[in-house]
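Residue numbers (the working numbering), protein chains in the order written: chain A, 1151 to 1544; chain B, 1151 to 1544. Note that the Cβ used here is the ideal one computed from N, Cα and C, for glycine as well. Given the structure is predicted, the values throughout are model-derived calculations rather than measurements. Structure, as structure tokens:
2 protein chains.
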Amino acid sequence: MRQKSQLCINEFNPDDVLEAVKTVIGPMPASLHEPIFKGNEWHYVKDCIDQGFVSSVGSYVKQFESEIAKYTGAKYAIATVNGTAALHLALILAGVKPGDEVLAPSLTFVATGNAISYIGATPHFVDSCEVNFGIDVGVLRLYLEQNTVIKNGHCFNKKTGCVIRAIVPMHVFGHPCNIAEIIKLAEEFKLVVVEDAAESLGSFYMGKHTGTFGLLGIFSFNGNKTITTGGGGVIVTDDDHIAERAKYLSETAKQPHNFSYIHNEIGFNYRMPNLNAALGCAQLECLPSFLKSKRALFHSYQKAFSGMDFVTIVREPPSCWSNYWLQTMLLNEKVASYQENIIKNFLNAGILVRPVWRPLHLLPSFASVPSAPLPVTTKLAQRLINIPSSAGLI
Amino acid sequence: MRQKSQLCINEFNPDDVLEAVKTVIGPMPASLHEPIFKGNEWHYVKDCIDQGFVSSVGSYVKQFESEIAKYTGAKYAIATVNGTAALHLALILAGVKPGDEVLAPSLTFVATGNAISYIGATPHFVDSCEVNFGIDVGVLRLYLEQNTVIKNGHCFNKKTGCVIRAIVPMHVFGHPCNIAEIIKLAEEFKLVVVEDAAESLGSFYMGKHTGTFGLLGIFSFNGNKTITTGGGGVIVTDDDHIAERAKYLSETAKQPHNFSYIHNEIGFNYRMPNLNAALGCAQLECLPSFLKSKRALFHSYQKAFSGMDFVTIVREPPSCWSNYWLQTMLLNEKVASYQENIIKNFLNAGILVRPVWRPLHLLPSFASVPSAPLPVTTKLAQRLINIPSSAGLI
Chain A
1151 MRQKSQLCIN EFNPDDVLEA VKTVIGPMPA SLHEPIFKGN EWHYVKDCID
1201 QGFVSSVGSY VKQFESEIAK YTGAKYAIAT VNGTAALHLA LILAGVKPGD
1251 EVLAPSLTFV ATGNAISYIG ATPHFVDSCE VNFGIDVGVL RLYLEQNTVI
1301 KNGHCFNKKT GCVIRAIVPM HVFGHPCNIA EIIKLAEEFK LVVVEDAAES
1351 LGSFYMGKHT GTFGLLGIFS FNGNKTITTG GGGVIVTDDD HIAERAKYLS
1401 ETAKQPHNFS YIHNEIGFNY RMPNLNAALG CAQLECLPSF LKSKRALFHS
1451 YQKAFSGMDF VTIVREPPSC WSNYWLQTML LNEKVASYQE NIIKNFLNAG
1501 ILVRPVWRPL HLLPSFASVP SAPLPVTTKL AQRLINIPSS AGLI
Chain B
1151 MRQKSQLCIN EFNPDDVLEA VKTVIGPMPA SLHEPIFKGN EWHYVKDCID
1201 QGFVSSVGSY VKQFESEIAK YTGAKYAIAT VNGTAALHLA LILAGVKPGD
1251 EVLAPSLTFV ATGNAISYIG ATPHFVDSCE VNFGIDVGVL RLYLEQNTVI
1301 KNGHCFNKKT GCVIRAIVPM HVFGHPCNIA EIIKLAEEFK LVVVEDAAES
1351 LGSFYMGKHT GTFGLLGIFS FNGNKTITTG GGGVIVTDDD HIAERAKYLS
1401 ETAKQPHNFS YIHNEIGFNY RMPNLNAALG CAQLECLPSF LKSKRALFHS
1451 YQKAFSGMDF VTIVREPPSC WSNYWLQTML LNEKVASYQE NIIKNFLNAG
1501 ILVRPVWRPL HLLPSFASVP SAPLPVTTKL AQRLINIPSS AGLI
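Next up, the structure:
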């Protein structure tokens, strides 16, 4: 293979990309990510219905929480109705207030920005890194040094005068970002870390599970995730007080009392129903085998693309263990303009692929929020394509 | 039976109340409200798991929405993750903005007040009626005439200067409030009506289903409701544009596009998962039989309490057909002070009962919001006790 700098775009044939994927998953139509239900899903869900406890009370919620805590190594896990609810509540528990700014990547699913907005706070976008697609810590340090000032133990945006209260690193497509360095930076700049690990159950950074580095972390169990509860999420934390408040606020802030309905603050209906937790308990049992298949799928894709000059399959960052939630093609900058053509080629063949999300700073809702320069984010948005990633494909 | 005014409190024995309930439900422990799963619940849920569509995509959500619309007579039904989410979204769609006031009963579940607060609006409490426990329209009319002014087609609170944008009538325990009169009043005072019909699936006012009088109505399918989806809710409306926006906003405001992720405004993750909708479809099939049983249970309670001087069983208001979701004892004012004793008596016998919710104006979160005088609410809070109400009790 020649040096990438010597590549000539005339040699690129978008059809080759489709063919390479087909050598791995076959010629039949394929979806982007499908769940697999071949474990105890029926058994547990039926038990849940037979017991009559399908809603907010029931043993599967506790079991799911306890198993998530055990698997991730977090002290506590609090199940929620979905990942967005988990992130909204986690940000509240992190102390984010109306008028605050929260540092977040622009290269993320819209829920990250929405959850910040629900509080009346504002996302403040920062650039991403070419290797792991998460927040670029080096670039962020320079940006914060120039644009913020620490006063009374808080970080202030010099331009807006607002407190920058927290930072929400996100592990994109399941690949761990440089979370250890982000934690150090956050300590220095007085930022609370809420880890958006929605996509990274089963992903580890230096042997420690993603989502457990920040004061709080959240996961999603939407139907397209590595394991699913239909709809669901979880907050993890090692902090006793925060864990207690997470449960309390997710259950309408109802005071413990054997008959009276007393709520001492504005709470939320963010509980995960027991029916969904039952599905989750069965899915968790299968997680190791799903992860094994997804890793094998990565290796197959990697092999299929090994001779390709213009497209690489994204691999886990150094010192990380990725769940390979969504397999991803990274286009060479020279062929970035083919992104849409390539996607349409796949869709015409019945194979579902998608570009990375449109970066949040390009959406109307977030067009005027504070932002660092985002050159890498803007380029990555044109270069990333997710391809079929189901554990059942291999 | 003597005139109630001649009653002597010395003749009241709280034990008689417990005994009367036991003649209906037997001496064994009983919960307040339990779901029944004896229809197609397992069949549909298994089908849903077998199909692999447990999450936001799937046929059961559409079926559930279509059947709710048909049953209630609403043009559209949009399924949500729970009743609180439905109410929050319905208020946004009703045009409620931060800083607005929303008229609501104080005698309601805390979700009514919370949903208003999520928007940054403020509940403005109004008094309830002794007959149906919903908003007292006559009293409210006098209050609005004295305390509000209509300017540029909007109702303003003379004291706070804020717009009173909407009114949220609630059908307490499933008994229809005087919704037709509330609709008239709302038109006169330029208020949008969002009906909190969380508890009243199967309840009709003059032959028209509750929840379908307002511009929007919402229902809950929490585990304690007449039918359950584990956790779930629905918005109903006859308005084409609102229905379309309800679906759009509940699905993260994602623009229809075959591959790009474009969100043109702040949306929510408020979809009902297909797994929960599958349960709901089966439960809906059983709704007629549940309603029949609950009505029979009411008649049995009514008979058991017919000789009692100090306690009556609440019956459906005139011209209404109630789902009798929660059976309720109304204590004579003279024995209201026994409310807690009576409750404890039941709990000691293993029979779960509860007082009506603590009125919202007595909760710290809502202690300083605008409020009309609430003399009836305050008294009713001391006089109402819900007793075992499951359809399976008879």
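Notebook entry, point to check: Listing by chain order, which chain A residues have their CB less than 7 Å from the CB of B:I1242?
Noted result: Here the premise fails: no neighbours, minimum Cβ distance about 12 Å.
Margin query: In this structure, how does DSSP classify A:P1423 when only helix, strand and coil are distinguished?
Written below: coil
Check: According to the neighbour-count rule (16 or more other Cβ atoms, all chains shown, within 10 Å of its Cβ), is A:Q1433 buried or exposed?
Finding: buried
Check: Where in the stretch 1309-1389 of chain A do unbroken runs of the beta strand (DSSP E), each at least 3 residues long, occur, reported from the N-terminal end onward?
Finding: 1313-1317, 1342-1346, 1366-1370 and 1383-1387
Next item on the list: Output the residue ranges of the beta strand (DSSP E) runs that lie fully inside the stretch 1243-1299 of chain A and measure 3 residues or longer, sorted by chain position.
Entry: 1251-1255 and 1272-1276
Next item on the list: Please say whether B:S1540 and B:S1181 have beta carbons closer to each other than 8 Å?
Entry: yes
Next item on the list: Taking C-beta pairs closer than 9 Å, name the residues in chain B that A:V1204 reaches, listed in chain order.
Entry: P1185, F1187, E1191, G1373, T1378, T1379, G1380, G1381, N1426 and L1429
Item checked: A:N1408 burial status per 10 Å Cβ neighbour count (16 or more: buried) -> exposed
Check: Near A:D1166, which residues of its chain fall below 8 Å by C-beta distance, leaving aside the five closest residues on each side in sequence?
Finding: M1458
Next item on the list: Would you kindly work out how many angstroms separate the C-alpha atoms of A:P1520 and A:V1204, rounded to a whole number?
Entry: 44 Å
Next item on the list: Verify the CB distance criterion: does B:E1215 have a CB-CB separation below 8 Å to chain A?
Entry: no
Check: Under 8 Å between C-beta atoms, does B:A1234 make it to chain A?
Finding: In the sequence as presented, Ala is not what sits at residue 1234 of chain B; that position holds Thr. Chain A contact via Cβ: present.
Note to self: For the beta strand (DSSP E) containing B:T1230, name the first residue and the last one.
What the structure shows: Y1226 to T1230
Notebook entry, point to check: Which chain B residues are close to A:E1415, counting only those with a beta carbon under 8 Å from its beta carbon?
Noted result: P1514 and S1515
Check: CA-CA distance, A:C1279 and A:P1319?
Finding: 12 Å
Notebook entry, point to check: Can you list the residues of chain D that A:T1402 reaches, using a CB-CB cut of under 9 Å?
Noted result: No chain D is part of this structure, whose protein chains are labelled A and B.
Checklist line | Range of the contiguous beta strand (DSSP E) that encloses A:C1158 | finding: No beta strand (DSSP E) holds A:C1158; DSSP gives it neither H nor E.
Item checked: Residues bridged to B:R1504 (per DSSP) -> B:N1536
Check: Looking at B:L1476 and B:F1323, is the spacing between their C-beta atoms short of 8 Å?
Finding: yes
Item checked: Counted within 10 angstroms of its Cβ, other Cβ atoms place A:Q1489 as buried (16 or more) or exposed -> buried
Notebook entry, point to check: If you run the structure through DSSP and keep just helix, strand and coil, what is A:S1521?
Noted result: strand
Next item on the list: Please check if any C-beta of chain A sits within less than 8 Å of the C-beta of B:W1507.
Entry: yes
Next item on the list: Please classify A:L1168: does DSSP put it in a helix, a strand, or coil?
Entry: helix
Check: Excluding sequence positions up to five away, which residues of its chain have a Cβ less than 6 Å from the Cβ of A:T1527?
Finding: S1256, L1257, D1277, S1278 and P1509
Note to self: Check for me: the alpha helix (DSSP H) holding B:V1211 runs from which residue to which?
What the structure shows: S1209 to T1222
Notebook entry, point to check: Three-state secondary structure (DSSP) at B:A1403?
Noted result: coil
Notebook entry, point to check: What do you get for A:V1384, buried or exposed, if any count of 16 or more other CB atoms within 10 angstroms of its CB means buried?
Noted result: buried
Next item on the list: Within 10 angstroms of the Cβ of B:S1350, are there 16 or more other Cβ atoms? Answer buried if so, exposed if not.
Entry: buried
Item checked: Contact list for the stretch 1483-1500 of chain A against chain B, Cβ threshold 7 Å -> I1493 and L1497
Next item on the list: Find the nearest neighbour of A:H1391 within the set A:S1439, A:E1483 and A:L1243, judged by alpha-carbon distance.
Entry: A:L1243
Check: With C-beta atoms as the reference, is A:G1249 less than 8 Å away from A:A1265?
Finding: no
Notebook entry, point to check: Can you tell me where the alpha helix (DSSP H) with B:N1495 in it begins and where it stops?
Noted result: Q1489 to N1498
Next item on the list: Whole angstroms is fine: what's the gap from B:L1497's alpha carbon to A:R1465's?
Entry: 59 Å
Next item on the list: Run the CB neighbour count on A:E1483, radius 10 Å, all protein chains shown included, and call it buried at 16 or more, exposed below.
Entry: exposed
Next item on the list: Determine the contact status of A:L1241 and A:V1343, defining contact as a CB-CB distance below 8 Å.
Entry: no
Check: Are the CB atoms of B:F1354 and B:W1507 nearer to each other than 8 Å?
Finding: no
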